[in-house]
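Since the structure comes first, as structure tokens, the remarks are kept for the end.
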Amino acid sequence: MQYTIKEKQVEVKREVDILVVGGGPAGIGAAVAAARSGKRVLLLEKRGFLGGNITGAYVETCNHFLHGTTFTTNGIYAEIEEKYRDRFGNSHDIRMDAPHRFSSEYLKIFLDDFLINEGVELMFHSFVNDVIVEGDHIQGVIIQSKKGPLAVKAEVIIDATGDGDVAFSAGVPYDQGRDADGLCQPGSVNFRLAGLKVDQLTGEVDGLKVIGKRFHDDYRAGKTGLTCKRQDLPFGRLTSGGVASYVNYTCAYEIDPTDVDGLTQGEVECRRYILEFYEYAKNNFEGFEEIELASIAPEIGFRDSRRIKGLYRLTKEDIEAQKVFEDAIAVYPRFYDMLSPNAYMDGDGKMEGEGYKGHIYEPIRDERTYTIPYRSLLPVNINNLIVAGRCISADHVAESSIRGISACMLTGQAAGVAAGLACKGKVTPSEINIQDLQAILREQRVVIPS
Ligand SMILES: Cc1cc2nc3c(=O)[nH]c(=O)nc-3n(C[C@H](O)[C@H](O)[C@H](O)COP(=O)(O)OP(=O)(O)OC[C@H]3O[C@@H](n4cnc5c(N)ncnc54)[C@H](O)[C@@H]3O)c2cc1C
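Note that the numbering used here has the sequence shown beginning at 1, numbered continuously upward.
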């Protein structure tokens, strides 16, 4: 059954030069870079805070894959990390085994201040679910507010929603999940535990790493009896106060991240796994005897969903060939991290789904890098929309690399600079001068091959 909804008069709440939708890593990079062009910038975010998956799904270990390599971060990401450290140090972290980890709580406060000081106007609790399109041009977007729908008009719009919601509303074609069946990587609800016995988990060896390894072996041997089909157990910070701040354990498979029923199922399923795990950890892990389930992340986190069809589709082959595109806007280390959409082991250690066939994890090797082309940020059919973050135009395997938080912020930064150039030159984002874009990005500490 379907209803036809009546036409409505909608108040125009704001009119700006550049509108950024989504306040995750990509939206942060985009809004800051756009504001630095001197234009009026507004950022809309459906939640009450910035940070995207870092704060909303507790993904505080942004750059663990860089550990032990010669790669360093650059651009606005590096700037944020430095300024955050000046203010909040290492976030009480007493593990010394990885690059810097944020505290999602301090980061929320840091990002409010950072973006406001850069001149970005923020509007929270603003879920964008429609656009006003004329021909191939978006006039504005519609947000759902407590007072009903409101419109925001802008010259250039940057879609940094992770799911490509603005592009979807504007009719931009997209891919989702694997080519074969459209399945995405599993969704995860991360959580925090308090009351860990720090003295038993630190010292010569990293106790959390030892526990993670033993858990992996026990799960594969079918010894845990847990129903969540996840054998890996990455932890984030361990604080001096005995908090394991980011436990990345749960996985809900075969969920569509853009479907309300799928999202509901994923949240409920993962919370059930969390309680099971809590009881298991309390009874089985040394130093966990007195733990409390301290908090559950505000929302289920997803690693991939829609990927727009853009003027160029970045592929795994491009990454393997270490292609240097003429319109490169970022350099990134070659690595892949794709949890298989439906390949796991059951709690008895038996393979289900396709076995581990679809699971791809390849760490950084031999200082190999690739570049991301600007064209992958430009949708095929809308002339004032730029897309940034994990929903840019890429194949499924390439997405498992460009989904890295610092990569998302780099594509956001490029989108912000490009939007500034388009507004100043009164041209569309596809008409800007690429050398100008690259020159400004270099001035903003982004590494781009010459
Ligand atoms: C469990 C898990 C572990 C991960 N581990 C790592 C890791 O260790 N290292 C790493 O680099 N990456 C990791 N990732 C991937 C990384 O978190 C994402 O790829 C990255 O956050 C994507 O950034 P983004 O800005 O594109 O999107 P997101 O982080 O998803 O941010 C999108 C933002 O837009 C907002 N939004 C969405 N839709 C709308 C709308 N319609 N209107 C208004 N606002 C909207 C959201 O609330 C959110 O704030 C992990 C992801 C998960 C789920």
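A virtual CB, placed ideally from N, CA and C, is assigned to each residue, including glycine.
Predicted model, so just to flag it, every value in this text is computed and none were measured.
Start and end residues, alpha helix (DSSP H) containing residue i
i: ALA151; result: Element bounds for ALA151: not the alpha helix (DSSP H) but the beta strand (DSSP E), 148 to 159.
i: GLY27; result: 25 to 35
i: PHE451; result: As shown, the chain starts at 1 and ends at 450. That puts residue 451 outside it, with no answer to give.
i: VAL166; result: 165 to 169
i: GLY56; result: 53 to 56
i: GLN88; result: The question names Gln, yet the displayed sequence has Phe at residue 88. Start and end: 75 to 88.
i: ASP318; result: 316 to 320
Contacting residues, own chain, Cβ-Cβ under 6 Å from residue i (five flanking each side not counted)
i: GLU121; result: LEU42
i: CYS62; result: ILE405
i: THR453; result: Residue 453 is absent from the structure shown; the chain starts at 1 and stops at 450.
i: PHE215; result: LEU233
i: SER295; result: ARG192
Nearest candidate by alpha-carbon position, reference residue i, set the options
i: THR315; options: PHE110, ALA418, ILE392; result: ILE392
i: GLN438; options: ASP366, GLY23, ALA330; result: ALA330
i: PRO99; options: PRO298, ASN90, GLU105; result: ASN90
i: ARG40; options: ILE94, LYS424, LEU441; result: LYS424
i: ASP337; options: ALA398, PRO379, LEU150, ARG47; result: ALA398
i: TYR278; options: GLU320, ILE5, VAL210, ASN190; result: ASN190
i: GLY162; options: VAL141, PRO298, ILE28; result: ILE28
i: TYR249; options: ARG192, GLU443, VAL427, LEU263; result: ARG192
i: GLY389; options: ASP395, ILE402, SER450; result: ILE402
i: THR411; options: ARG445, VAL427, SER376; result: SER376
i: GLY23; options: ALA160, GLY242, LEU201, VAL12; result: ALA160
i: ALA297; options: THR202, ASP256, SER188; result: SER188
Residue range of the unbroken beta strand (DSSP E) whose run includes residue i
i: GLU292; result: 292 to 296
i: ILE372; result: 369 to 373
i: ILE132; result: 127 to 134
i: LYS13; result: 11 to 21
i: PRO120; result: Note on residue identity: the sequence assigns Val, not Pro, to residue 120. Taken as a continuous stretch (DSSP letters only), the beta strand (DSSP E) holding VAL120 covers 120 to 123.
i: ILE392; result: Unbroken run through ILE392: none, as it is neither H nor E.
i: GLN200; result: Run containing GLN200: none in the beta strand (DSSP E); it sits in the alpha helix (DSSP H), 198 to 201.
i: PHE191; result: 191 to 194
i: ARG307; result: 306 to 308
i: ASP93; result: Segment: none, ASP93 is in no beta strand (DSSP E) and carries neither H nor E.
7 Å CB neighbourhood of residue i in its chain, flanking five on each side removed
i: ALA419; result: ILE18, ALA34, VAL156, ILE158, ILE386, PRO429
i: PHE168; result: TYR174, ARG306
i: GLY182; result: GLN176
i: PHE325; result: THR371, PRO373
i: LEU111; result: ILE28, LEU50, GLY51
Close beta carbons around residue i, own chain, < 8 Å, minus the five adjacent residues each side
i: LEU339; result: GLN185, PRO186, CYS251, ARG303, HIS359
i: VAL32; result: ILE76, PHE114, LEU115, GLU118, VAL120, GLN413, GLY416
i: ILE434; result: GLU326, ASP327, TYR374
i: GLY164; result: VAL172, TYR174, SER305, ARG306, ARG307, ILE308, VAL387, CYS391
i: GLY48; result: PHE124, HIS125
**OP:** Counting only runs of 4+ residues fully inside the region 219 to 287, write out the alpha helix (DSSP H) ranges in chain order.
**Re:** 260 to 284
Subject >> Three or more C-beta pairs below 8 Å linking the region 279 to 290 and the region 192 to 200 >> reply: yes
Subject >> Given 8 Å, three or more beta-carbon pairs between the region 134 to 150 and the region 376 to 389 >> reply: Enough Cβ pairs lie closer than 8 Å, so yes.
Subject >> Ordered list of alpha helix (DSSP H) runs contained in the region 400 to 433, each at least 4 residues >> reply: 405 to 425
**OP:** May I ask you to verify whether the region 71 to 91 touches the region 222 to 234, counting CB pairs closer than 8 Å and requiring at least 3?
**Re:** No, the region 71 to 91 is not in contact with the region 222 to 234.
Original post:
Is it a yes or a no for the region 94 to 110 touching the region 46 to 55, going by three-plus beta-carbon pairs under 8 Å?
Top reply: Touching, yes.
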